Structure formats: C-alpha cells, structure tokens
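Chains as they are written, first to last, in this note's numbering: chain A, 1 to 500; chain B, 501 to 1000.
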C-alpha cells in the first residue's frame, strides 16, 4: 500500500473563516445523526487520535465532545501505564477500553504513540519491535473482521509551525500554559522522531484500519477534516451490507478436508491409563505439596499462569480444578467459570471477556471452559459462522502468544473420556440427587454431536497447540490418573518457568 | 443486641460420621435448588467468610464450590491491597466485587479481617477506627435496604485446637504445607487478637447483617453448619414478601412537610449576576491558567477530585465542563456522562456504578449528572419509591464523606436558571440545527414538573450539603458569569486541599 510521507513539506492546507462558519452547523447535524444511527447498529467505531501535535489532539478531543453527543463517546487517554497495567500483557488496557457495538470509542495517545516513544528511546530490540507491530496489525484485523470500523488519525504539525507556536506562546504569556515540556522536546527531537512516526504509520496501515494524516497547522481545516473523516467512517460502516457478523449459520461442508488426521488426535489418547487408590493418594499428596511450593515461588517472582480446562461433559473438570485450588492459597488462585456471554459481553469481540480477566503478577487463573468455545460449541452448534470460527484459530494463537511473551505460563488441558464412560457417568449422576442438576437434556443432545466434536477438537488441537502454549490431552476415564497427570503437568510448567 | 462470646470455652460441637454422610446429599440438592431459584430473584446474597481459622475458611470456599454451582458464585479474596486499590477509598474494592441480583457472592478475608489486623497492629487511631466501623454498619444497612441478604460467618477455632493442629502438622509432614506463617502468628497472638475479633463482630452485627459464629474444630460440623446457614439465608430471602425493591411508585404526599424552606434554597440565588464579554475573557483566561497549574500540582501530590454537575436542562453544564477540561491535560481529567443505567448497572445498588468510576490518585473526575438522579429525576418521576429516595440522602452523605476522608476534593454544582431563560434557550436551540437534538419532548415535559423539581432540589441541598462536600448554587442565566464562578470555586477547592 503506497503511503504519503508524513510531512510533504507543504503547509498550504487552510480553510477560510467564512467557509468554516458555513460548513460547521451542517457537519454537527450530520455527526449527531450518524451517531444516533450507529446506536442501533451491530458494530462500533474506534477512532485512534495520535500525532506529533499533542496540543492539537487535546483540542480535537474537546471539539468532538462539543460537536457530538458526549454521552455516547468512550474517550480514553492512555498515559504512562500504572502498576496494574504493567502486570498484564501490553494490549490489556486497550482491550478493556474498546467501545461496545453501537458506540464510538475515542482513543487518545494509544499504542501507536507509546510504540513510537519506546522505539525512540531504544527500549526495544528489533525482534520485540517487530513482534509488537505484528500484534498491532493482527489486533486491527480481528477487530475489523468482527465488524469494528477503525479510523487512525495522525495530526501533523510541520516543524516550522511547531517552532512558530512555541515562539508565540513565549511572547504571549496568555497561551504559555498550554505549552508542555513534551512540545519543547518534540521540537528538539523533531528530525529524529519523525521517521519513526512515518515507519509506524506506514507499517500499521491497512484497508480495514487506514491511517489518515491531517495537517494541523490551520485549526479550521483540521477540525473539519477530522470531523469529515469520522462522519465518513460511521456512514461507510452503516452502508455496508450485509454486516459481517450477521452471517452466522451452520454450513454443511466442513471447511477443512483433512478430518481423518484430526480424528487421530483424540484416537491417540490411551484411555486405559489408571491409578490404584493408594498410589493415587500418595501421588496426589506429593504433587499438591509441590504445586503449593511452586505457587509461593511464583507469587514471589511475579510469575502468573493461565490454565485452560476443556473436555467432554462429565470428564471431571471440576474435580481436577478443586485439587489444584486446594493446594494454593486463596490469595494466589482464581477460577473463572465460563457460561454463556452476558449482554455486555455480546456487545464486544468474543475475546474481550477473556482479556479483561487476565491475572496480575504472581497469580494463577483457571478457566473452566474458555475462549475455545468459539471453535467447539459455537462451531458445532452453528452459533458462529464458518468465517468466524475459522479465523478464531489464528486469533487465539495470537492472544495466547501475547500472554507467553508477557512471561505467563499457559497450559491447556483437554480431558478425554470415551462415549461409553460418559454415558455411565451421566447415568450415575442421575442416581445421585445432588449431581442430577449437572445432567440436562442438552448433555444428551451433545452426545449426538460426538463425531462433530471429535473433528472440532482435532482441528483445534492441530491449529492452536504451540510449543509455548501446548494442548495436553489427558486420558480421563480413570479420574485418579487424570488428576495426577494434570497436577504433574502444572508443576512441570511452573518449574520450567521459575528456573529461568 | 446480645451477642455470644466468640470462644465460650467449649469444644463439643461435633457431628458423627454417619449423620454427616446421610445429611450431605440432601443438603447439596437443597443448596443447588436454592441457588437456581435465586437466579430469577430480585436480590443477591453476600456471604462474608472470615475467622481466626484461616485454613478452615479456605477449605470452606473449596467445599462450597463443590457443593454449589460454581458458575453462579462470585468468589473474591481480599488480600493486601494493590496500588490501584490504595489509591481509592477503603470500600472501593468491595463495592466493585458485589454480586449482582440473582447471584451469591462469597467474600473471603473481607474488611472484617483487615479491620482487625489494622486494629491489632495499631494502625488506627480511635477516631479512624470508629469512623470505619460506622461505614461498615452503614454499608450493610444500605445493601440490606436494597434487598441484599447479608450473612457474616466467623469460623472459630479454640486455641487448644489450633495448638493441636499445628503440632500435628509438624509431626505429619504430609499436612505441613497446609500450615502458614499466619497460623503460627495467630497462635502466638491468640489472646491479644481474640478480644479485637469479638469487638468487631459485636459492633458490626445487626438484624439485617448478622454474624454467626461457627466452631471449626470438627470439619463435619463446620461444613454442614455453614451450608445450612447459607441455605437458610437464601430461602429466607426468597420467602420475604414483598421484596423491598418492588415498592417503587409515586406517592402523592410529599414525605417532608417543610417545602417552603426548601423553595427558598433556590429562591436565594441571585440570577441577575452577569459578566461583560471583555471581563469574561480576561477572567476565564486567568482561572483556566490557575486551574491548569493546580491540576499539575494535584497530579504530583496525588490529590484527586470529584466534581458533580447537576442543573436544569439547558443550564449550560456541557459548556462549563469543557472550560474545565480544556485547561487540564487529558491525562489528568476524565468526564463521565451519566445516562440511564445499563442492564448490568440495574442489577446492582444504585451507587455501584459511581463507586467503580472513582479516580486514581492525582486525577480529576467530572460527573455530568450523577448519583443525585436518585433524589431528583427518580424521585420526581416516581422511578424510585419514597423509601428508596428518602434513604438516599444519608447514603449519599456517607458515600461522599468516604471520598473526603480518603483525601479527595468533592464539589457539587447546581446550575440554576429560571423558567423563562430555559424556555428561551429551548427555542434558540430549536433554531440551531446542530443543537436541535438536545431538545426533546421530555424536556418540555420536565418543565411541567418545575415546581416538583424545586422542592426536590431544595431538599437535596438541605440534606446533602456538608462542609467538606458542599453544594454550590451557581446563577447561570448569564453563561459567562456561571463559567467563571465555577472555575473560581474549583480553584478555591483545589488550593485549600493542596495547601495542607
């Protein structure tokens, strides 16, 4: 994609006063109307406002709050990260701030600027910088695929203009307070920082998340141009048909042909493994002690972990999870059971509700079911369109790799039982009054879909098991064996990370 | 209220194995059923699990997750407060964690324990301790009035038993890892800490938030007793009629008779105040500079502020707020416009959504409308019952006093215009295309309620204006005058706080 230079060396973008005065009222009406139409739409609009003109960015935020309906704009300023933020992967705070469908989000000083700053101060090695750029591109791509309209605005002030502005402020003390040290720094570093800005802009622009350079010399030109770009973005979003999310529905054809290979994934699990009672008690005890010790070390070193539990109904997830939590101080572990998404969660990208849960430094977070619902139940039941669940594999891999890069332990367990064992457990639960509630008609219906799930699990494991965030297939026909196997794996994972 | 001693010196509460074995299945069924019935109910259940038996508390949490449906229990462990938590008033993290209606919340190591610890370590002077106890009582009272069922459980282990347990752990290394330093500390401080526990329990118990002491010596007795208490709490809640929240509806009689006095509150505002254009420009400039400087100092010193803007429709809130934000770096100020509550917000106490917004150290937070909606629109329109809005005054005073005690600046502005000025502004907005959207039929309907609002505003100011969190009535018929008046008050407030 060809991209204009940030600073083409002209400063001729001006708008006469009368033209501005006659255009503004119309623009304000259009913006408000577009904003109201957006409210019932199935997507959100994200405006990233960045630029070498810091003061211009602040002014534009105030302007948009005046011209639009401030109640429906989610404005977020991203400054120096707090401790809470630093303890999570880099994009955590951006995910948390994303606008729900129907709203406009205004991000101000987002990762674009912090990337540039870090690059300028040489805080990155080449590899980390490339990794992060890659995550930015993937983030934009997934949000856009989910329907979000993304608009990146760069407010550019030519060097000569910046110089003029600082000079003027000095002479006219009334304006002086509006000038920050950052502006003075900007001027002195201008020639070194601009190429970094240009590179970042060039390398993160795409059709679905374009950058627009807006020259900021003339306020009137800047205001109206920004407003026009936002208006166009909302209107283009509204005029798309059909909205990309609305295409859910079950397709008959499996989009991946090689299902046999995948069936083998589960076929290779040796379901005959089992443990005697005495042996179990001894080993359970040993690994619980170990996990306890390791959890204390992890808390001390600030190493956090994310464990994911998936598996067939009645495979014994709950029992295993309790064996882990019982060994760890309540302070250091949290279980997040994943049920159907709430209304608020549905108004966001499906990964949003998982991002916001991520643990602070030193803690263990256990997901009882997880984001893999996208490629399991949502795929099999047709709650997600083929497009949606097909692209989820890469989205998930990118998500988990960000956790790993942040230093977290990521382990994913599939608890495997066979259909006979499952039926036996259902029957036994039905005999046990306090376990009856765990068996519903849905559970029996899901059994009819066993083969579909086998394919889905196979493809999931094949496409999302990575060296750093591996799937561990646990034979679970024998509960003692499964429990000890999981505890052992968690210990192994923690040890390997703590040894570093 | 008479209250039993924490440690009556007996340890005879035991349950034989067979009795336990036969009772447990029934209890699990009942708990699960109660939990499911609760889901469609209009209240939540909060279980505070505290005690001198730390290990017992951890075990009970695991047990409840096994016996109940973990997906619908919100378990929160409150350990050492993070930086994020320390920057907010004491009860901030508890408010954030409160269960929504229909759910059970399980708080583990809540403020009861942290109060005891602080008292034990002498971190409080007498006055701060009393203040905090008072806030606890008020918190329980408001949540209970809102329908929440509150159950405080104290797990008590007699000293002799604790000694036995620690001894046993030493001999049998298999159990040793379950013993923490805190348990050893507990033993050595036992005689000094128990009276503090007793005092806290005695002084925070009430009919709507009772404490129950559960002896923890015998696990079977403890488990079944805790389960029974929780079951009873849920069932009693379900059997109440009618649920307290369901009583909303407009009553004809004003519950406070002295309306004339209150009418005078607004009657005393001198609406003739105005500023000439030149004078306005000069003063606006002066106070914006000042506010800018003060905001930098506040950021540096970690002093945060909460500004509340209420007023008649078209009184000019937006314009004033923008004059403030324009003077402060976007990093240091945030505006929260308050619209109708979302589904999630409605599932909580009405103050919940305001608590969660509170700013970190050094920031300014501006509420464009606020919790005062409870005693304004909700009162006048009958969205809140007489009971609900009548008790809101005290709830609000307690809320704001916690902000002030935490060191925040709290200022509340009522922008006052008269009915003629309002009508003129409505008409003028209707003539301005981009302001038309700000005028709806509702606005005209509200005008019919003018006199009701005058009474409501009067009572609000009379009952919630305090020395530390005062209402400032701003004559706003003349916008320049109002803007400068507000800026001046904000400066004054910041200065007084920064001088300390």
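Backbone N, C-alpha and C define an ideal beta-carbon position, used for all residues, glycine too.
What you are looking at is a predicted structure, and each value in this text was computed from that prediction instead of being measured.
Original post:
Going along chain B, which residues have a C-beta under 9 Å from residue 292 of chain A?
Top reply: 677, 678
Original post:
In terms of DSSP beta bridges, what is residue 551 of chain B paired with?
Top reply: B/655
Subject >> Cβ shell of residue 979 of chain B (< 7 Å), same chain only, five flanking positions each side left out >> reply: 816, 819
Original post:
Taking three-plus beta-carbon pairs below 8 Å as touching, is the stretch 933 to 948 of chain B in contact with the stretch 28 to 37 of chain A?
Top reply: yes
**OP:** Pick out whichever of B/851, B/924, B/884 has its Cα sitting closest to the Cα of residue 896 of chain B.
**Re:** B/851
**OP:** Starting from the beta carbon of residue 339 of chain A, find every residue of chain B whose beta carbon is closer than 7 Å, and list them in chain order.
**Re:** 571
Subject >> Distance between beta carbons of residue 648 of chain B and residue 544 of chain B, contact taken as under 8 Å >> reply: 5 Å
Original post:
When you check each C-beta in the stretch 798 to 829 of chain B against every C-beta of chain D, which residues fall closer than 9 Å?
Top reply: Absent from the structure: chain D. Protein chains present are A and B.
Subject >> Buried versus exposed call for residue 842 of chain B [16 or more other C-beta atoms within 10 Å across all chains shown] >> reply: exposed
**OP:** State the Cα-Cα distance for the pair residue 983 of chain B and residue 823 of chain B, rounded to the nearest angstrom.
**Re:** 7 Å
Original post:
At a CB-CB cut-off below 7 Å, which residues of chain B make contact with residue 32 of chain A?
Top reply: 934, 937
Subject >> Close-in-space but distant-in-sequence residues of the same chain around residue 107 of chain A (CB under 6 Å, 5 per side omitted) >> reply: 48, 76
**OP:** For my contact list, residue 679 of chain B and residue 666 of chain B are in at a C-beta cut-off of 8 Å; report their separation, rounded to the angstrom.
**Re:** 6 Å
**OP:** Below 8 Å on the Cβ atoms is my guess for residue 597 of chain B versus residue 605 of chain B; work out the distance and round it to an integer in Å.
**Re:** 7 Å
Original post:
Looking only at its own chain, which residues have a Cβ that is under 8 Å from the Cβ of residue 204 of chain A, when we skip the five neighbours before and after it?
Top reply: 112, 133, 136, 137, 140, 152, 211
Subject >> Closer than 9 Å to chain A by CB, residue 635 of chain B >> reply: no
Original post:
Which stretch, first to last residue, makes up the alpha helix (DSSP H) that contains residue 76 of chain A?
Top reply: Premise fails: residue 76 of chain A lies in the beta strand (DSSP E), 73 to 77, not in any alpha helix (DSSP H).
**OP:** With DSSP as the reference, label residue 992 of chain B as helix, strand or coil.
**Re:** helix
**OP:** Please look up how many angstroms separate the CB atoms of residue 413 of chain A and residue 472 of chain A, rounded, as I've assumed it's under 8 Å.
**Re:** 5 Å
**OP:** Assign residue 583 of chain B to one of three DSSP states: helix, strand, or coil.
**Re:** helix
Subject >> Secondary structure of residue 868 of chain B, DSSP reduced to three states >> reply: strand
**OP:** Locate the beta strand (DSSP E) running through residue 833 of chain B, then write down its first and last residues.
**Re:** 833 to 837
Original post:
Listed in chain order, which residues of the stretch 837 to 862 of chain B have Cβ atoms closer than 9 Å to some Cβ of chain A?
Top reply: 837, 838, 839, 842, 843, 844, 860
Subject >> Exposure label - residue 1001 of chain B; buried when at least 16 CB within 10 Å >> reply: What is shown of chain B runs 501 to 1000, which leaves residue 1001 of chain B out entirely.
Subject >> Chain-ordered chain B contacts of residue 289 of chain A [CB-CB under 7 Å] >> reply: 677
Original post:
DSSP puts residue 805 of chain B in a beta bridge; with which residues?
Top reply: B/864, B/909
**OP:** Note the first and the last residue of the continuous alpha helix (DSSP H) segment covering residue 820 of chain B.
**Re:** 817 to 825
Original post:
Can you find a heavy atom of the ligand MG that lies under 8 Å from the Cβ of residue 597 of chain B?
Top reply: Among the ligands in the structure shown, none appear at all, so the ligand MG cannot be discussed.
Subject >> chain A within 9 Å of residue 599 of chain B, Cβ atoms only >> reply: no
Original post:
What's the call for residue 51 of chain A, buried or exposed, on a 16-neighbour Cβ count within 10 Å?
Top reply: buried
Original post:
For residue 77 of chain A, which residues in chain B fall below 8 Å Cβ to Cβ?
Top reply: 830, 831, 834
**OP:** Check the DSSP bridge columns for residue 448 of chain B and list the partner residues they point to.
**Re:** Absent from the model: residue 448 of chain B. The displayed extent of chain B is 501 to 1000, so no value can be given.
Original post:
Would the stretch 830 to 837 of chain B and the stretch 919 to 932 of chain B be scored as touching if the rule is three or more Cβ pairs under 8 Å?
Top reply: no
**OP:** Flag this pair as yes or no: are the beta carbons of residue 589 of chain B and residue 906 of chain B separated by less than 9 Å?
**Re:** yes
Subject >> Euclidean distance between Cα positions of residue 279 of chain A and residue 600 of chain B >> reply: 44 Å
Subject >> CB contact check: residue 42 of chain A to chain B, cutoff 9 Å >> reply: no
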